[in-house]
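Visitor:
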Amino acid sequence: MSTAEIHHATFVIERVFQTSPERAFRYWSDRALKERWNACHPDWNVLEDGFDFRVGGVEAKLWRTADGKVQTFTAHYLDIAAPYRIVYAFEMSLGGQRVSASLATVELRGDGPQTLMKYTEQIAFFGTRAALDARTEGTGSGFDRLASLIDAKPGAAD
Amino acid sequence: MNVQSLDRAFTALADPGRRAMVERLSRGPANVKHLAELGRMRLPSALKHLRVLEDGGLVVSQKAGRTRTYSMAPGAFDAIRAWVRQREAAMNDAFDRLEKVIEADEANEPRP
């Protein structure tokens, strides 16, 4: 696969939260609340961390990963309709090479005491296999971590 | 992957004879004669089916002398699949944490 190629993909994740849309929305709009669930790599060194949650605002993050590579995440908020909708465009790059650009849509819908959240990500991908492998090293997916936890502690769930 | 190439890939697979060829080629390369015998079809018919598979991006062919050998196309979509899987796994992890944070906060500060 050459860098001249672009591929598109979409994925959707749905969740139910035991709270109101107003409260659920705050976990996206409030910097401190968002950090509590969105920061995922304690071993990465944060070089830049901007968060400007408003239409036209930018959320920009720059890390140095455990293996010394620079990784970026830059999001532009395109549409915010509190507490029901957030639309943002973002790019991700690894070691100076842009891997993908996405459009993410977060929908929050009240359902009695619960909130249904639907996250849709539409990805334009222009990375290479090599760039991906560089990222995969040392991180691993959540499922891998879960599997290793289960393997390490037989009977822990009892 | 654009819609047209997706259409071609699905069209290529929408035939039991061609699916049998793909199953055979998944185990390793084979020449036209072998694939024709396997599907109990004549050579021109086998070639026609193989062209559809080739147009669909599923197989590739190489000509050496008088024989044409077919094999599965190298994983053209492995990278995008890997990336989407990573994105999905990362977001699922993040939303697991979000769920726990909300649960804890609601327990500490229940709604009126």
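As they're listed, the protein sequences go chains A and B. Using my numbering, read the first sequence as starting at 13 and increasing by one per residue. Using my numbering, read the second sequence as starting at 309 and increasing by one per residue. Glycine is no exception: its CB is placed at the ideal position from the N, C-alpha and C atoms. Computed from a prediction, not measured in an experiment: that's the story for all the values here.
If the cut-off is 7 Å on Cβ atoms, which residues from the stretch 124 to 137 of chain A count as contacting chain B, listed in chain order?
Guide: Answer set for the stretch 124 to 137 of chain A: Tyr131, Glu133, Ile135, Phe137.
Visitor: Going by beta carbon distance, what residues of the same chain come within less than 6 Å of Tyr89 (chain A), once the five residues before and after it are set aside?
Guide: So the list reads Val67, Gly69, Tyr100, once near-sequence residues are dropped.
Visitor: Alpha carbon to alpha carbon, how far is Thr84 (chain A) from Glu71 (chain A)? Give it in angstroms, no decimals.
Guide: Between Glu71 (chain A) and Thr84 (chain A), the C-alpha separation is close to 11 Å.
Visitor: Can you name the residues that DSSP bridges to Ser379 (chain B)?
Guide: Bridge partners of Ser379 (chain B): B:Val368.
Visitor: In three-state DSSP terms, what is Arg121 (chain A)?
Guide: Reduced to three states, the DSSP call for Arg121 (chain A) is strand.
Visitor: Is the separation between the beta-carbon of Val368 (chain B) and that of Leu358 (chain B) shorter than 8 Å?
Guide: Against a cut-off of 8 Å, the Cβ pair of Leu358 (chain B) and Val368 (chain B) comes out as no contact.
Visitor: Please report the residue range of the beta strand (DSSP E) in which Ala87 (chain A) lies.
Guide: Per DSSP, Ala87 (chain A) belongs to the beta strand (DSSP E) from 82 to 93.
Visitor: Look at the alpha carbon of Leu321 (chain B) and the alpha carbon of Met104 (chain A), and state the distance between them as a whole number of angstroms.
Guide: Roughly 34 Å separates the two Cα atoms.
Visitor: So that I know if they touch, is there some Cβ in chain B lying closer than 8 Å to that of Ala44 (chain A)?
Guide: No, Ala44 (chain A) does not count as interfacial toward chain B.
Visitor: Identify, in the order they occur along the chain, each residue of the same chain with its Cβ nearer than 6 Å to the Cβ of Val118 (chain A), setting aside the five sequence neighbours on each side.
Guide: Cβ within range, chain order: Ile98, Tyr131.
Visitor: Distance, Cα to Cα, Pro352 (chain B) vs Met329 (chain B)?
Guide: Near 15 Å, if we compare the C-alpha coordinates of Met329 (chain B) and Pro352 (chain B).
Visitor: Taking Cβ-Cβ distances below 8 Å as the criterion, which residues of the stretch 20 to 35 of chain A are in contact with chain C?
Guide: This model lacks chain C altogether, as its protein chains are A and B.
Visitor: Who are the Cβ neighbours of Glu149 (chain A) in its own chain at under 7 Å, not counting the five residues just before and after it?
Guide: Note that Glu149 (chain A) scores a pLDDT of 44, beneath 50, so its modelled location is shaky and nothing firm can be said.
Visitor: Which residue wins for smallest C-alpha separation from Glu407 (chain B), given the options A:Phe23, A:Thr31, A:His19?
Guide: Out of A:Phe23, A:Thr31, A:His19, A:Thr31 has the C-alpha closest to the C-alpha of Glu407 (chain B).
Visitor: At a Cβ threshold of 8 Å, is Leu406 (chain B) touching chain A?
Guide: Leu406 (chain B) counts as touching chain A.
Visitor: Under a CB-based cut-off of 8 Å, is Trp56 (chain A) close to chain B?
Guide: Output row for Trp56 (chain A): interface = no.
Visitor: Run through chain B and tell me which residues come within less than 7 Å of Arg48 (chain A), C-beta to C-beta.
Guide: In chain order: Val409.
Visitor: Kindly indicate if chain A contains any beta-carbon less than 8 Å away from that of Ala431 (chain B).
Guide: The structure shown does not extend to residue 431 (chain B), since chain B is modelled only from 309 to 420, so the question has no answer here.
Visitor: Residues of the stretch 311 to 339 of chain B with a CB closer than 8 Å to any CB of chain A: list them in chain order, please.
Guide: Listed by position, the residues of the stretch 311 to 339 of chain B near chain A (Cβ gap below 8 Å) amount to none.
Visitor: Where do the ends of the beta strand (DSSP E) carrying Glu417 (chain B) lie?
Guide: First-last for Glu417 (chain B): undefined, no H or E at that position.
Visitor: Could you check whether the Cβ of Tyr39 (chain A) sits closer than 8 Å to any Cβ belonging to chain B?
Guide: Chain B, which has a Cβ nearer than 8 Å to the Cβ of Tyr39 (chain A), makes this yes.
Visitor: Looking at Leu346 (chain B) and Arg326 (chain B), is the spacing between their C-beta atoms short of 8 Å?
Guide: In this structure, Leu346 (chain B) does not lie closer than 8 Å to Arg326 (chain B) by Cβ.
Visitor: Against Arg350 (chain B), what residues of chain A qualify as contacts under a CB-to-CB distance less than 8 Å, listed in chain order?
Guide: Those within 8 Å of Arg350 (chain B) in chain A number zero; the least Cβ separation is about 36 Å.
Visitor: Alpha carbon to alpha carbon, how far is Arg27 (chain A) from Ala21 (chain A)?
Guide: Whole-angstrom Cα-Cα distance: 20 Å.
Visitor: Pop quiz: Val340 (chain B) and Tyr39 (chain A) are said to be a contact at Cβ under 8 Å. What is the actual Cβ separation, rounded to whole angstroms?
Guide: Between Tyr39 (chain A) and Val340 (chain B) the Cβ distance is about 59 Å, and since that is not below 8 Å, they are no contact.
Visitor: Could you check whether the Cβ of Glu345 (chain B) sits closer than 8 Å to any Cβ belonging to chain A?
Guide: Not an interface residue.
Visitor: Check whether the Cβ of Gly99 (chain A) lies closer than 8 Å to any Cβ atom in chain B.
Guide: Gly is not the amino acid found at residue 99 (chain A); the sequence shown has Val there. No - not a single Cβ of chain B is within 8 Å of the one on Val99 (chain A).
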